[in-house]
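This report refers to the structure that appears directly beneath it.
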Amino acid sequence: MRGKDMEIGYFQKDVLIEKLAKKFYAIQGYVVPESYRMQSATHPAERACVAMAIFAIEEFESIKDEDSDEDDDEYETDCLFPE
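All residue numbers for the sequence shown refer to the numbering used here, where the first residue is 94 and numbers rise by one.
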């Protein structure tokens with residue numbers, strides 16, 4: 094799977110943001126109900142956890158994109174110069 098096949102869908106990303114934000118909040122010693130929506134939070138600490146979750150996902154996606162570019166380069170080279 095390369096490129097777009099590996100992209101996280103909108104709803105998957107939304108669920109992942111919520112899950113990571115709640116985990117980051119729990120690391121700080123706080124617990125929220127399962128039904129609580131972190132992305133709707135107004136408390137600064139909760140909003141910070143959402144921001145960290147979004148940042149983590151964006152970093153992961155950028156690493157994935159870089160790896161995908163390298164894989165494409167290797168694929169092109171392999172086609173041009175088979176062993």
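All C-beta atoms in this analysis are idealised placements derived from N, C-alpha and C, irrespective of residue type, glycine included.
All figures in this text were calculated on a predicted structure; none of them were measured in a lab.
Quick one: give me the first and last residue of the alpha helix (DSSP H) that residue i is part of.
| i | result |
| --- | --- |
| I101 | Here I101 belongs to no alpha helix (DSSP H), and DSSP marks it neither H nor E. |
Looking only at C-alpha atoms, which of the options sits nearest to residue i?
| i | options | result |
| --- | --- | --- |
| V108 | A146, A134, G122, V124 | A146 |
| A138 | G102, K106, A119, Q105 | A119 |
| I110 | V124, S133, Y123 | S133 |
| K106 | D158, H136, Y123, E151 | E151 |
| Q121 | F153, G102, A141 | A141 |
Can you find the residues in the same chain that come closer than 8 Å, C-beta to C-beta, to residue i, ignoring five residues on each side of it along the sequence?
| i | result |
| --- | --- |
| D98 | Its pLDDT being 49, under 50, D98 is placed unreliably in this model, and the value from its coordinates should be taken loosely. Taken in chain order, the list of residues that qualify is empty. |
| V125 | K115, Y118, M131, E139 |
| V143 | I110, A114, M131, Q132, A134 |
What residues in its chain sit with their C-beta under 7 Å from that of residue i, if we drop five residues either side in the sequence?
| i | result |
| --- | --- |
| L113 | A146, A149 |
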